[in-house]
Structure formats: structure tokens, C-alpha cells
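Quick notes on the structure that follows.
Numbering (this note's numbering), first residue to last: 2 to 169.
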């Protein structure tokens with residue numbers, strides 16, 4: 002993305018001034034730029050604990066993968082309050098009786114509650130519950146299931162390259 006931006010900027014410069022440009026693009030510098038959020042999160046106290054205890058590394062109960070009753074999984078990424086509210090409602094949990102979403106001290110307790118709740122239904126049952134809801138919850142699919150997912154089929158995401166192989 003950084004390289005594309007540089008090329009586009011060079012094309013604009015060429016168009017406006019007639020001068021060429023050198024585009025110096027480094028994967029390391031581009032990757033470090035993408036990591037800016039993590040460094041800022043550390044300063045803000047959102048990413049200052051050990052691995053598995055922070056907002057985006059499965060520490061938060063609302064940003065985690067949960068096993069369902071059939072041994073499959075659902076991915077939850079309900080960070081924003083409106084998504085979190087929709088998540089709780091769909092799970093049959095009442096916000097009033099629960100700790101505040103950002104109460105880090107209660108995350109482990111909430112993860113246990115969420116895990117137990119997700120274990121009550123199969124993946125398909127949870128898919129049906131969350132279908133049409135804006136709760137940032139989706140099934141974790143195998144490659145074969147991803148190929149057959151209606152969104153991917155509608156968009157022709159996968160192609161068959163041989164009788165045994167398909168790919169995006």
C-alpha cells in the first residue's frame with residue numbers, strides 16, 4: 002500500500018510539474034508504519050499487559066474466538082459499544098448485570114461466561130442467531146467452507162485450478 006501511494010503521488014507530480022520522481026519503498030518501513038497503532042495503544046494503556054491480556058490479542062472477551070457445542074468456532078470482534086450491545090443481546094446476556102465492557106479486571110470472568118454461552122449452541126445455530134445483526138460475530142470457516150460461503154460464491158472469490166485444488 003505504501004508503494005502504491007508513492008507511485009500515485011509520483012504520477013500526480015509528473016502530471017502537474019512534468020518532473021519524474023524516485024519512489025523509495027521499504028517493506029520494513031511500511032510494516033513499522035502499520036504498527037503505529039500498537040505503539041500508541043501501549044502508551045494509552047490498551048496494550049501494556051502480557052500476551053493474551055490486551056484489547057486485540059484475545060485478552061478482551063469481546064475480541065476472541067469461542068468454541069461452539071459442535072467443536073467449531075465463532076469469531077467475536079465487538080469492540081465498539083453498539084456492537085458489544087448487539088453481541089450481548091444476541092447471546093441472551095443483560096448488560097445491566099454485567100461489568101462494564103472496558104473493565105479489564107473482569108475480562109477473564111467475562112471470557113468464561115462468553116465461552117460457556119457459546120458452548121450452548123452449534124456453530125450453525127449461532128450463525129442463525131447473528132445473521133443480519135451488526136454485532137461483529139462470524140463463523141470461523143475451514144478453507145472448504147469459505148469457498149462455499151454465500152458471500153464468496155456471490156463475489157466469485159475462489160476459482161478451481163484443478164479437480165483437487167481451489168484458491169482465491
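No residue lacks a Cβ here, since even glycine has one placed at the ideal position from N, Cα and C.
Using the Cα positions of residue 75 and residue 39, report the straight-line distance between them to the nearest angstrom. 25 Å
Taking 8 Å as the cut-off, does the region 78-95 touch the region 125-140 (at least 3 CB pairs, one atom from each stretch)? Yes, they touch.
Stretch-stretch touch, CB-based, cutoff 8 Å, three pairs: the region 112-126 with the region 156-167: Touching, no, given that fewer than three Cβ pairs across the two stretches are closer than 8 Å.
Suppose only complete runs of 4+ residues qualify. What are the alpha helix (DSSP H) ranges in the region 66-132, listed by chain order? Complete alpha helix (DSSP H) runs here, min 4: 82-92, 108-119, 124-131.
Residue 130 to residue 151 span [Cα, whole Å]: Distance between the alpha carbons of residue 130 and residue 151 is about 17 Å.
Express the C-alpha separation of residue 94 and residue 140 in angstroms, rounding to a whole number. Here the alpha carbons of residue 94 and residue 140 stand approximately 20 Å from one another.
Could you tell me which residues DSSP pairs with residue 168 in its beta bridges? 160
The alpha helix (DSSP H) with residue 144 in it runs from where to where? 144-149
Output yes or no for whether 8 Å exceeds the beta carbon distance between residue 80 and residue 105. no
Alpha-carbon spacing of residue 60 relative to residue 11, whole angstroms: Taking the straight line joining both Cα atoms gives about 42 Å.
Exposure of residue 35, with buried meaning 16 or more beta-carbon neighbours within 10 Å: exposed
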